[in-house]
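Our numbering puts the sequence shown at residues 91 to 524. Quick notes on the structure that follows.
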Amino acid sequence: MPSVAIIGSQWGDEGKGKITDYLDENADLIVRFQGGNNAGHTIVVDDKVFKLHGLPSGVVRPGKLAVIGNGVVLNLEELKDEIDQVIAAGGSIDGLRVSDRCHLIMGYHKKLDGAEEKYRGKNSVGTTKKGIGPTYQDKIARIGFRAGDLLEDDLLKEKIAFILPYKKDLMAMMEAEKCSCTVESLYDKMVGWRDMIGKCICDTSVLINDALDEGKNVMFEGAQGAMLDIDHGTYPYVTSSATCGGGICTGSGVAPNRIDKVVGVVKAYTTRVGEGPFVSELKDEMGVELQKKGGEFGVTTGRGRRCGWLDLVVVEHASRMCGFTSLCMTKLDVLNDIPELPVCVAYEIDGQEVKKFPASIAKLERAKPVYETFKGWKGWKDTDALVKGGYDNLPGEMRDYIAFIEKYLKVPADLISVGPDRDETIDRKGDWWN
Ligand code: GDP
Ligand code: IMO
Ligand code: MG
Numbered sequence: 091m092p093s094v095a096i097i098g099s100q101w102g103d104e105g106k107g108k109i110t111d112y113l114d115e116n117a118d119l120i121v122r123f124q125g126g127n128n129a130g131h132t133i134v135v136d137d138k139v140f141k142l143h144g145l146p147s148g149v150v151r152p153g154k155l156a157v158i159g160n161g162v163v164l165n166l167e168e169l170k171d172e173i174d175q176v177i178a179a180g181g182s183i184d185g186l187r188v189s190d191r192c193h194l195i196m197g198y199h200k201k202l203d204g205a206e207e208k209y210r211g212k213n214s215v216g217t218t219k220k221g222i223g224p225t226y227q228d229k230i231a232r233i234g235f236r237a238g239d240l241l242e243d244d245l246l247k248e249k250i251a252f253i254l255p256y257k258k259d260l261m262a263m264m265e266a267e268k269c270s271c272t273v274e275s276l277y278d279k280m281v282g283w284r285d286m287i288g289k290c291i292c293d294t295s296v297l298i299n300d301a302l303d304e305g306k307n308v309m310f311e312g313a314q315g316a317m318l319d320i321d322h323g324t325y326p327y328v329t330s331s332a333t334c335g336g337g338i339c340t341g342s343g344v345a346p347n348r349i350d351k352v353v354g355v356v357k358a359y360t361t362r363v364g365e366g367p368f369v370s371e372l373k374d375e376m377g378v379e380l381q382k383k384g385g386e387f388g389v390t391t392g393r394g395r396r397c398g399w400l401d402l403v404v405v406e407h408a409s410r411m412c413g414f415t416s417l418c419m420t421k422l423d424v425l426n427d428i429p430e431l432p433v434c435v436a437y438e439i440d441g442q443e444v445k446k447f448p449a450s451i452a453k454l455e456r457a458k459p460v461y462e463t464f465k466g467w468k469g470w471k472d473t474d475a476l477v478k479g480g481y482d483n484l485p486g487e488m489r490d491y492i493a494f495i496e497k498y499l500k501v502p503a504d505l506i507s508v509g510p511d512r513d514e515t516i517d518r519k520g521d522w523w524n
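Below you can see the structure in the form of structure tokens.
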């Protein structure tokens, strides 16, 4: 019953999509377990680029089951466009399965997301405005729509008649953008959703557990990153779901003892989109250079990502919260030809050296990075040749940088990514499915 989970170790956009796609060649099921279309996962295969938001990365390789677990929030309106794009690019959604327990993002959730952000003013989170927070709020408040509701006509009608007026009152109070839908028009829209994905809705916990029982290979594809976790991230500058290891279990209906390997994806430097503390942020030309060289612009919102040096206080926190058994280092090529590479190994807060990531936003705002500096490496001309040469032929300075990270975190860097393409990857482990 092998399973491999992929989790971002920073504030998202570490390259999870690329690595999920690399590793899922031999997977039977690829499961999203949290988040929604706030995610933007890029997969590059030769000259094709897939930008996935709500769909699991498994749709890129036909013949696999791509599962949307119960912990996900799903926007069916926007999924339709994504499905069209995937099919046009040669992917397939024949294997799409949607949990009957997964919550639906409604038009009013998006409008409420915008209104909440406006209301917060200078305290805004910088959300993707995809309605993620308001949908999870309704889940916890027990007034959400679940995918399974689409299959129960009487229940659906009853819920719409109860929930829509409630939401309209709230929207008026929040001065949100007006919602023109009526009980009748919303019902019609949801019947359209039923027609679109009704066949894919099932109990995905049973599906995944049965697959594991049969010895099939299951991948869990995390969205966002550990530092955006609702509990363990930089609250309140976080997303509204459980992005760390525990989220795999609650968000897909599998027990903790069924997760075999957890790959922490570590970008070789750090980025963050939206507001919130970022101790190793570079607000100088180097920050701009990393943004440019790394193409650090959001896949979902197009916003420029804030950039800074690698912060191992962050990654240690993530590793502890997620139980990383392997690291996947990504975007090392972006650091080519930078003479010196500082790595943040501790924070100085009120005159004290701190190595464990603090909960307090106030403390984080006062924290100063303590750096250990590494010699950079020279860039290469031929990435194919570099990859063929394997790990031992990587520039020595790069291997020193990686070795230090492995030692600090006590986790092996089993995957090394030196470019966006599926093939631009060095695999030091080989068989992931044993
Ligand atoms: P995700 O949200 O974690 O899946 O990451 P994103 O797709 O939002 O952002 C990662 C970006 O870096 C994408 O444009 C990827 O194609 C790209 N990428 C992934 N790995 C590498 C790498 O090793 N080198 C370079 N240069 N780009 C990479
Ligand atoms: P992937 O899966 C980077 C950030 C937003 C904002 C905060 C809350 O591509 O790594 P939300 O809309 O979720 O309520 O916004 O979380 N955020 C991400 N940042 N990558 C993501 O996903 C993100 N998803 C949400 O920018 O700061
Ligand atoms: Mg992304």
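In this text, a Cβ means the ideal position worked out from N, Cα and C, and glycines have one as well. None of these values were measured; they are calculated from a predicted model.
TODO: May I ask whether a heavy atom of the ligand GDP can be found less than 7 Å away from the beta carbon of Glu115?
DONE: no
ask   = By the 10 Å Cβ neighbour count, where 16 or more other Cβ atoms means buried, how is Asn307 classified, buried or exposed?
value = buried
| said: Please give me, in chain order, every unbroken run of the beta strand (DSSP E) with length at least 3 that falls completely inside the stretch 341-385. | reply: Here the runs fully enclosed are 351-357, 360-362.
Cβ-based neighbour list, Leu169, same chain, cut-off 6 Å, excluding 5 preceding and 5 following | Gly144
Subject >> Nearest candidate by alpha-carbon position, reference Asp401, set Leu422, Val460, Met264 >> reply: Val460
TODO: Determine the direct distance from the alpha carbon of Ile506 to that of Glu462, and round the result to whole angstroms.
DONE: 22 Å
Roughly how many angstroms lie between the CA atoms of Asp440 and Val363, to the nearest whole one?
27 Å
| task | Measure from the alpha carbon of Lys154 to the alpha carbon of each residue in Cys339, Ile298, Ser330, then state which is nearest. | result | Ile298
Beta-carbon proximity of Ile96 to Val355, cut-off 8 Å
yes
**Request:** Could you tell me whether the stretch 173-188 touches the stretch 324-335, where touching means 3 or more Cβ pairs closer than 8 Å?
**Result:** Counting Cβ pairs under 8 Å, fewer than three are found: no touch.
Next on the checklist: Rounded to whole angstroms, what is the Cα-Cα separation between Asn347 and Lys208?
Outcome noted: 43 Å
Which partner residues of Tyr437 appear in the DSSP bridge assignment?
Val444, Pro459
Would you mind listing the alpha helix (DSSP H) stretches within the stretch 395-437 that are 4+ residues and don't spill past its ends, in chain order?
Here the runs fully enclosed are 402-412.
Practice item. State the beta-bridge partners of Ala205 as determined by DSSP. Key: Paired residue(s): none; Ala205 is not in a bridge.
Following a CB-centred definition, is Asp103 positioned closer than 7 Å to any heavy atom of the ligand MG?
yes
One or two residues paired with Met52 in a DSSP bridge
With the chain covering only 91 through 524, there is no way to say anything about residue 52.
Excluding sequence positions up to five away, which residues of its chain have a Cβ less than 8 Å from the Cβ of Met309?
Ser93, Val94, Ala95, Ile96, Thr110, Leu113, Asp114, Ala117, Leu119, Ile120, Val121, Gly148
**Report entry** Ser370 Cβ short of 7 Å to the ligand GDP heavy atom set
**Finding:** no
message: Going by beta-carbon coordinates alone, are Met286 and Phe235 separated by less than 8 Å?
response: no
According to DSSP, is Phe140 part of a helix, a strand, or is it coil?
strand
- Tell me whether Ala510 counts as near the ligand GDP, meaning its Cβ is closer than 7 Å to at least one heavy atom of that ligand. It is worth fixing the name first, because residue 510 is Pro in this sequence and not Ala. Flag set: Cβ of Pro510 near the ligand GDP.
message = If the criterion is Cβ atoms closer than 8 Å, does the pair Phe140 and Ser342 meet it?
response = Between Phe140 and Ser342, the CB-CB gap reaches or exceeds 8 Å.
Original post:
Based on the DSSP secondary-structure assignment, which residues constitute the bridge partners of Leu186?
Top reply: Leu186 is bridged by DSSP to Ala156.
- Taking 7 Å as the cut-off, does the CB of Gly223 come closer than this to any heavy atom belonging to the ligand IMO? For the ligand IMO, at least one heavy atom lies less than 7 Å from the Cβ of Gly223.
Original post:
So what's Cys292 in DSSP terms, helix, strand or just coil?
Top reply: Strand.
- Decide yes or no for the touch test of the stretch 474-489 against the stretch 439-459: beta carbon pairs closer than 8 Å, at least 3 of them. no
Asp278 - containing alpha helix (DSSP H), residue span:
In the DSSP assignment, Asp278 falls within the unbroken alpha helix (DSSP H) covering 273-287.
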